[in-house]
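Residue numbering for the sequence shown follows the numbering used here, beginning at 109 and increasing consecutively. We put the CB at the ideal spot given by N, CA and C, even for glycine.
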Amino acid sequence: MYWNREIETMERAALETLQLQRLQDTVLRVAQRVPFYQERFAAAGFTPDDLRSLADVRRLPFTTGADLRATYPAGLLAVPLDDAVRLHTSSGTTGKPKALYFSRQDVDHAAELIARCLVMSGMHAGDVLQNIMTYGLFTGALVMHYGAEKVGCLVIPAGPGNSERQLMLMQDFRTTAIHATPSYALYFADFLEKKGVDPRKELSLRRAFVGAEPYTEETRRKIEAALGLQVFNSYGLSEMNGPGVAFECPQQHGMHLWEDHFLLEIIHPETGDPVPDGEQGELVLTTLCREAMPLLRYRTRDITTVLPEPCACGRTHRRIQRIAGRSDDMLIARGVNFYPQQIESILMGMPALGRNYLIVLEGLDELTVKVELAEAGFDGQVEHLARLQSRIADSIRAELLVKPKVDLVPPGTLPVSEGKAKRVLDKRSL
Ligand code: AMP
Ligand code: ZN
């Protein structure tokens with residue numbers, strides 16, 4: 109099922125023609141209206157006439173998170189402030205947030221893209237979506253909310269936390285789908301298990317839209333098994349409207365990135381050069397339809413790969429692979445670079461382990477992996493635990509070439525956060 113069949117299945121050549129037109133429009137508009145880009149163009153000796161093909165996008169300057177912070181709170185507005193109808197901010201790490209403005213058309217477009225995603229997953233009017241993301245300055249909840257309303261779903265703006273109340277809402281209103289972070293979905297699965305609630309028998313859940321932080325295929329399968337539903341990977345970032353940038357179709361193999369709205373590039377994170385299709389690199393996005401705040405070649409810092417082959421679902425918009433990690437989150441211990449998700453992948457594949465973990469780095473690059481045991485696996489037998497510990501340590505060493513210390517802790521004892529999970533505690537930098 110399609111929300112907008114014509115666009116979603118558009119021939120590649122036509123799609124690329126549309127992209128070029130929209131890119132040229134966008135570049136012309138920022139050249140006329142955004143002092144930040146005027147300066148960058150001047151410095152690079154670039155004029156909008158230089159943009160004759162999509163490949164010419166490489167002549168444009170990058171925009172980074174630091175640029176957005178430096179222009180806070182005014183933002184990189186390309187319309188009079190009066191034309192902006194919504195503000196979101198993205199907190200990211202430390203310091204000033206990024207201010208992101210939406211015009212009325214931008215708000216409509218964001219909802220339209222979510223509608224495509226939801227219908228692609230099989231949702232329709234009559235579905236009940238419990239939105240377990242944080243409502244507020246964060247785009248995650250609101251953008252999904254309006255998109256789901258557009259499809260005709262009954263949307264429950266539950267927000268995160270309070271699992272008792274989440275469960276009550278699910279039972280009383282027969283929730284068919286949830287939108288949550290992977291860490292909350294896992295936490296909620298634990299909660300149901302402890303309460304002895306069998307979601308397959310007592311709830312009506314069929315789908316979960318899971319995103320806002322990196323997670324692995326093993327985690328997806330764990331959530332699916334525990335909640336008895338299908339998990340669709342949902343990717344977005346506040347700088348590009350929030351959720352609805354790329355989303356899985358029922359093939360569950362990579363996420364279709366809506367290329368009529370975003371021009372996608374994959375670059376080498378250090379050199380900035382393009383990498384060939386099928387190779388991993390940093391995702392760089394240019395908005396093609398944004399009115400209030402167009403962004404050129406935005407460095408997402410997210411590491412992924414383009415899957416160029418056509419998808420069996422019939423959509424022509426290319427897919428990106430599950431995000432392997434953020435270049436900002438890359439850890440270095442004993443000269444080895446790795447992403448927390450490489451460890452997650454191992455932990456979530458072991459049935460004896462629970463659903464929460466924490467990576468601790470301290471001293472002279474000592475790596476400790478703390479991981480909760482599964483409820484069922486926690487029989488406290490010292491011998492059994494020691495064997496499990498060394499199996500985990502060996503698997504991690506085989507993957508990273510660094511042997512960690514492994515702490516097995518009882519279920520429910522590691523901290524959980526309401527928003528995005530904090531998987532790494534780097535005491536070396538404290
Ligand atoms: P925010 O601007 O707060 O919405 O955060 C956006 C960031 O969250 C992205 O740049 C990614 O690093 C991360 N993110 C969002 N969705 C996903 C996803 N499905 N998989 C991995 N990371 C994600
Ligand atoms: Zn598909």
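Where DSSP assigns a beta bridge to residue i, which residues make up the other side?
i, result
"residue 198", "206"
"residue 446", "439"
"residue 154", "None, per the DSSP bridge assignment."
"residue 343", "354"
"residue 285", "237 and 315"
"residue 407", "392"
"residue 469", "475 and 534"
"residue 338", "315"
"residue 427", "364 and 415"
"residue 263", "237"
"residue 211", "192"
"residue 124", "DSSP, once it has assigned bridges, lists no residue as partnering residue 124."
Just tell me which of the options has its CA closest to the CA of residue i.
i, options, result
"residue 187", "260, 398, 519 and 406", "398"
"residue 214", "505, 530 and 400", "400"
"residue 430", "236, 389 and 403", "389"
"residue 515", "340, 480 and 195", "480"
"residue 403", "208, 122 and 498", "208"
"residue 521", "504, 492, 483 and 512", "483"
"residue 185", "247, 166 and 144", "144"
"residue 511", "121, 498 and 231", "498"
"residue 287", "300, 363 and 265", "265"
"residue 191", "228, 210 and 279", "210"
"residue 459", "438, 419, 476 and 500", "500"
"residue 378", "435, 342 and 315", "435"
"residue 320", "314, 343 and 305", "343"
"residue 413", "386, 419, 425 and 405", "386"
"residue 109", "216, 226 and 134", "226"
"residue 345", "393, 382 and 376", "393"
"residue 476", "513, 152 and 419", "513"
"residue 132", "153, 505 and 159", "159"
"residue 302", "532, 519 and 533", "519"
CB residue i to CB residue j, shorter than 7 Å?
i, j, result
"residue 219", "residue 243", "no"
"residue 271", "residue 296", "yes"
"residue 428", "residue 354", "yes"
"residue 396", "residue 408", "no"
"residue 456", "residue 324", "yes"
"residue 222", "residue 352", "yes"
"residue 454", "residue 503", "yes"
"residue 444", "residue 509", "yes"
"residue 117", "residue 422", "yes"
"residue 231", "residue 259", "yes"
"residue 228", "residue 357", "yes"
"residue 256", "residue 237", "yes"
"residue 318", "residue 339", "yes"
"residue 349", "residue 363", "no"
Is residue i helix, strand or coil by DSSP?
i, result
"residue 511", "coil"
"residue 164", "helix"
"residue 371", "strand"
"residue 518", "coil"
"residue 363", "strand"
"residue 309", "helix"
"residue 131", "helix"
"residue 193", "strand"
"residue 382", "strand"
"residue 136", "helix"
"residue 528", "coil"
"residue 251", "helix"
"residue 173", "helix"
"residue 398", "coil"
"residue 147", "helix"
"residue 159", "coil"
"residue 226", "helix"
"residue 54", "Shown here, the chain extends from 109 to 538; a query on residue 54 therefore has no answer."
Compare the C-beta of residue i with all C-beta atoms of chain D and state if any pair is closer than 7 Å.
i, result
"residue 308", "In summary, chain D is missing from the structure at hand, where a single protein chain is found."
Within a Cβ cutoff of 8 Å, which residues of the same chain sit near residue i, ignoring the five residues on either side of it in sequence?
i, result
"residue 294", "327, 330, 331, 334, 463 and 464"
"residue 523", "466 and 530"
"residue 267", "239, 240, 241, 242, 243 and 249"
Here's a check: name, in chain order, each residue in its chain whose Cβ is nearer than 7 Å to the Cβ of residue i, leaving out the five neighbours to either side.
i, result
"residue 470", "535 and 536"
"residue 212", "193"
"residue 148", "169"
"residue 136", "156"
"residue 205", "180, 197, 198 and 199"
"residue 139", "145, 146, 149 and 156"
"residue 375", "381, 382, 383, 389, 390 and 392"
Tell me which residues share the same chain as residue i and place their Cβ nearer than 6 Å to its Cβ, disregarding the 5 neighbours each side in the sequence.
i, result
"residue 433", "322, 411, 447 and 449"
"residue 299", "271"
"residue 128", "162"
"residue 261", "235 and 237"
"residue 291", "529"
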